[in-house]
Structures are given as C-alpha cells and as structure tokens.
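So in our numbering, spot 112 of the sequence shown is number 115, and the numbers just go up one at a time.
Even for Gly, the Cβ is constructed at its ideal location relative to N, Cα and C.
Inspection log for the structure reproduced underneath, given as structure tokens.
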Amino acid sequence: MGKSTSLLSKAYMVEKEVELPTTTGTVTGPTVGAGILVLAAGVELIDAMDSADYDVTVTDGTTTFMAATAVDSGSAGDFAFGTQTQGIVASEDTIDVTGTAGASPAATVTARVWAIVADVNEATRAAAEVDRDTLA
C-alpha cells in the first residue's frame, strides 16, 4: 500500500522584534525551515514612527511577501499589512524587514516582523498506521 496524506500540518505564526534601520537597510527577522509556505506577513510598530516618509517590505530575499508599505508617522501598535504574495521558502532562511527611508527617523524604532506560515513538507503516515486508525 502507498502512503496516505494526513492533516498534521497547521498554520502558525513566527515573529521577531527588530530595530528598523534609521536609513535604508534590511534587518533579520524570524527563521523558518525549508518547505514553509508563507501565507501572510507584516510589521507591527512597537514604537511610534516619527518619519514622514518611511516604507517597510517583508521578504526572504527571493520572494517579497509584503510589498513596500508606508508606515509614515505611524503610532505604536499600528500594523502594516500591505499587498501580500504567498510563497514557499525553499531552504532554511529568515523572513526579513527592509526599511526604505525617504526621511530618516530621528530615533530608533522597534517593530515586530511577523508571518503566518504552514509547513507544507510531506505529512504522511505509513499504510500500517492508516489501517490501524481505520480499524480503531
């Protein structure tokens, strides 16, 4: 008998607090393993953004999960959840946030980069397990 699929995979959230760059740059976010599907990603401001021209992007360097989204003069607790692109992380990587400063913030801004992900690696059980579960 062949393998039977199982509903063992579940969506979950990964997150990491970061200091946004005061000029244009990228900071490292949470690590995810290979075969992880990123369903959605975004940024929550922990501190207020005092720049009138600042965008954030969430990416693994290959796929841009959240397109450049303005957080200009954002308040603490604001979420940036711009245009989303789903994608699979091919090998272990980090989900990073890139800040693009048209006008640099006067102070360091802490933010939380987050992603809703699902492990889409093979989630199967052997035939003996399936038979046992069916007979139970």
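Length of the line joining the Cα atoms of residue i and residue j
i, j, result
"A70", "E125", "29 Å"
"A37", "V17", "14 Å"
"A109", "G28", "16 Å"
"D81", "V120", "21 Å"
"Y15", "G64", "21 Å"
"L40", "G77", "29 Å"
"A114", "Y57", "13 Å"
"T72", "T86", "8 Å"
"A118", "K19", "10 Å"
Presumed contact (8 Å Cβ cut-off) between residue i and residue j, rounded CB distance
i, j, result
"E22", "T103", "That pair is no contact at about 16 Å."
"F84", "G32", "At roughly 15 Å, the Cβ-Cβ gap does not stay under 8 Å, so F84 and G32 are not in contact."
"I98", "V116", "7 Å"
In DSSP terms, what residue i is bridged to
i, result
"T142", "Beyond the ends of the chain as shown, which are 4 and 139, falls residue 142; an answer cannot be given."
"I39", "V92, D122"
"K19", "V116"
"T34", "T97"
"A44", "A118"
- [ ] Could you tell me which uninterrupted alpha helix (DSSP H) segments, each at least 4 residues in length, are contained entirely in the stretch 52 to 93, listed from first to last along the chain?
- [x] none
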